[in-house]
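**Q** For any residue, its number in our numbering is found by taking its place in the sequence shown, counting from 1, and adding 1228. We treat Cβ as the ideally placed atom computed from N, Cα and C, and that holds for glycine. In this text, all values refer to a predicted model and were calculated from it rather than measured experimentally.
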Amino acid sequence: MGAVQENNMISLKGKTAIVTGASRGIGAAAVRKLSDLGAKVFFTYKSSSDKAKLLAGETGATAIPCDQSDGENIEKTVDEIFAQTGSVDILVNNAGITKDGFLLLMPYADWNGVLDTNLNGAFRWTKCAAKKMYAKKAGTVIFVSSVSGLVGVPAQTNYAASKGALCAFARAAAAELGAKGIRVNTVCPGFIETDMTAKIPRDIARAQKERIAMKRFGKAEEVANAIAFLASDESSYITGQTLVVDGGLTGCV
Ligand code: NAP
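1) Look up residue 1416 in the DSSP assignment and say whether it is helix, strand or coil.
2) Here's a check: name, in chain order, each residue in its chain whose Cβ is nearer than 8 Å to the Cβ of residue 1474, leaving out the five neighbours to either side.
3) Might you give, ordered along the chain, the residues of its own chain that have their beta carbon closer than 6 Å to the beta carbon of residue 1449, omitting 5 neighbours on each side?
4) Quick one: is residue 1330 buried, meaning 16 or more other Cβ sit within 10 Å of its Cβ, or exposed?
5) Classify residue 1233 as helix, strand or coil using the three-state DSSP reduction.
6) Return helix, strand or coil for residue 1259, following the three-state DSSP convention.
7) So residue 1320 and residue 1238 are supposed to be a Cβ contact under 8 Å. How far apart are they, rounded?
8) For residue 1466, does the three-state DSSP call read helix, strand or coil?
9) So, residue 1391 versus residue 1349, is the Cβ gap smaller than 9 Å?
10) With a threshold of 16 other CB atoms inside 10 Å of the CB of residue 1294, please say whether the residue is buried or exposed.
11) Quick test of the definition: if touching needs 3 or more C-beta pairs under 8 Å, does the stretch 1279–1291 touch the stretch 1337–1348?
12) Taking the alpha helix (DSSP H) that residue 1340 falls in, what are its first and last residues?
13) Helix, strand or coil for residue 1477 per DSSP?
14) Which of the three DSSP states, helix, strand or coil, is assigned to residue 1291?
15) What residues match up with residue 1445 in a beta bridge as DSSP calls it?
16) Suppose the cutoff is 6 Å on Cβ atoms and the five residues either side in sequence are ignored; what does the same chain contact list for residue 1241 look like?
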């Protein structure tokens, strides 16, 4: 690699990063990217311990089983990471689930389950991590929301409510924490090739691709690149913003 290219690379050397829900998909791509850029990465998962172990072996990151609903474990995990590394510089609130269904038929459990994992979990992590950032007057938090939080998608009232709330949460937190050197931003992916979208029936996926300006689903790495930018000093004057990564799904006709 030439000297010019090397000097222009984003560097996260010396930074400690936490990525939630990263045994697979976008989270795993973020772990790879942030590790490649030099960050010391810790990531969580719920049940995919084999995949988490493989990712840890591949990247040198540390895998931690920690459910989004387990506030005590989240607090303990953040405290342990801080004790071990001396800082929490980057938090990527990525863990998320869908339980799609029509509003009139939606069981309360599906509403509450999605809200608790996607929104309340992000609150638990952000509160704990922001306390460590506050002490150092520096840090960056990235929420992985969705275009479903920006535009109406049928059969996703629970998911849309959780993702729209994350965008609002990020803006309010950015307003509150900006003076303390903590930036808070949101990434809104469109259709990305992961296990989450693998369940979409083939004919529906084909029709959705036609609606996307770039005529394809995105790759997890393309979202991870946006996350890395917002995690780095290259975005040092950006906070309270929503970066849409959707190949032109919502921005073009
Ligand atoms: P995915 O492939 O289904 O992976 C989800 C990850 O979250 C897994 O690592 C899973 O761990 C973890 N997770 C789920 N529930 C958890 C819990 N209660 N506690 C801790 N970890 C939990 O999802 P993805 O497609 O990469 O999506 C990642 C994020 O991007 C989500 O927030 C999603 O809403 C958002 N997003 C995705 C798309 C898309 O098209 N794929 C579009 C817009 C937004 P286990 O493996 O252990 O279950």
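**A** For this structure:
1) strand
2) 1375, 1416, 1417, 1418, 1419, 1440 and 1446
3) 1257
4) exposed
5) Confidence at residue 1233 is low in this model, with a pLDDT of 46, below 50, so the placement of that residue is unreliable and no value is reported for it.
6) helix
7) Not confirmed; about 15 Å, so no contact.
8) coil
9) no
10) buried
11) no
12) 1336–1343
13) coil
14) strand
15) None, per the DSSP bridge assignment.
16) 1266
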